[in-house]
Every structure is written in structure tokens, then in C-alpha cells.
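Asker: My structure is below; once you've seen it, I'll send some questions.
Residue numbers (our numbering): 33 to 137.
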């Protein structure tokens, strides 16, 4: 029987709606650029940029800066550690809400 999760178990970094949205979008597996994330998350440039930096500083996402033609483009990808932390957050949240994880077999 899994232990009962408490609010203290939830990663404070992911309690933000914007950061949780970023991680959810990136957990789908594709790289997303700033414009795509901004559209998905529905927030301002400055707000999105601050949250992306916080996740990048924590090692949960990785930024890739490049030029497409002559235009700068920054895309983001979830890291292995970020995926693990996100999965743990979702599991803790499910436990806190009383949902049971489905058996793999």
C-alpha cells in the first residue's frame, strides 16, 4: 500500500500553474519553442521567460538557442531529471487526491 502523500511532498517548483503547464507540454516528448509554449500556456513573454529560467536553473528543462534563417529561435526540452521529477509530482498529487496508480501488469 503506498504511503499517504501530504502537501509537503509536492515539489514547490511545480506548484506554479505556469511551470506545471510548461512541464506538461514538454512531457509530451517534443521540443517546443518559446512562441509555441507561450500559446499553450497563455501568458506574457516576461512571465513565461521567468518561469522557463527557473526550470532551466533547476535542471528540469534544457534550452537550445539557434537561428532559423536570420531569426533567433529558442526551443526547450524536458531533461531526464525533469521528467522524473514531473512524474513524481503527478504521482504524489494523485495519491494526495486519493487516486491509485494503475498496476503496470
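In this text, a Cβ means the ideal position worked out from N, Cα and C, and glycines have one as well.
Helix, strand or coil for residue 76 per DSSP?
Answerer: Coil, per DSSP.
Asker: Who are the Cβ neighbours of residue 118 in its own chain at under 6 Å, not counting the five residues just before and after it?
Answerer: Cβ within range, chain order: 55 and 59.
Asker: By Cβ distance below 8 Å, which residues in the same chain neighbour residue 79 in space, the five residues on each side in sequence not counted?
Answerer: Correct list, in chain order: 50.
Asker: In its own chain, which residues sit with a C-beta less than 6 Å from the C-beta of residue 113, not counting the 5 before and 5 after it?
Answerer: Closer than 6 Å at Cβ, skipping near neighbours: 91.
Asker: Going by Cα to Cα distance, which pick from 83, 122 and 95 is closest to residue 110?
Answerer: The shortest Cα separation from residue 110 among 83, 122 and 95 belongs to 95.
Asker: Quick check on the burial criterion: 16 or more other C-beta atoms within 10 angstroms. Buried or exposed for residue 124?
Answerer: By the neighbour-count rule (16 or more Cβ atoms within 10 Å), residue 124 is buried.
Asker: Which residue wins for smallest C-alpha separation from residue 81, given the options 128, 130 and 107?
Answerer: That would be 107, whose Cα lies nearest to the Cα of residue 81.
Asker: Helix, strand or coil: how does DSSP classify residue 85 here?
Answerer: Note: residue 85 maps to helix in three-state DSSP.
Asker: By DSSP, does residue 95 sit in helix, in strand, or in coil?
Answerer: Looking at residue 95 - three-state DSSP - the assignment turns out to be strand.
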